[in-house]
Amino acid sequence: MAAERRAGDVGRPFGAAVRARRLELGLTQERLANEAGMTQGALSRMECGHGVPTLPLLERLAAALSSNLLISMSPHGGVHVVFKAVPR
């Protein structure tokens, strides 16, 4: 049985992936936050790895980032997060 994950185990790689995709698209935190229906402060905390987003927020962020969201978790604690651009 996999060890219980802490919020940071998921939050850090998720936040880094959000930030990387946001910068790739040239979006400010304020603009992405508005498009995802959250505050700029909440987005900033998320990008720093604090907290784990809800499923509805994951869906809104993926849409705002024009991306498919792929999350892989191994039984040994590894977490991999990728925002993959949706082909136009």
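Position one of the sequence shown corresponds to residue 28 (the numbering used here), numbered consecutively onward. All residues carry an ideal CB built from backbone N, CA and C; glycine is no exception.
- The segment 99 to 113 makes no contact with the segment 76 to 84; the number of CB pairs closer than 8 Å stays below 3.
- In the three-state reduction of the DSSP assignment, M65 falls in the coil class.
- For L88, the uninterrupted alpha helix (DSSP H) segment begins and ends at 82 to 91.
- Straight across, the Cα-Cα distance linking V45 with H103 is about 23 Å.
- The Cβ atoms of G64 and G38 lie no closer than 8 Å to each other.
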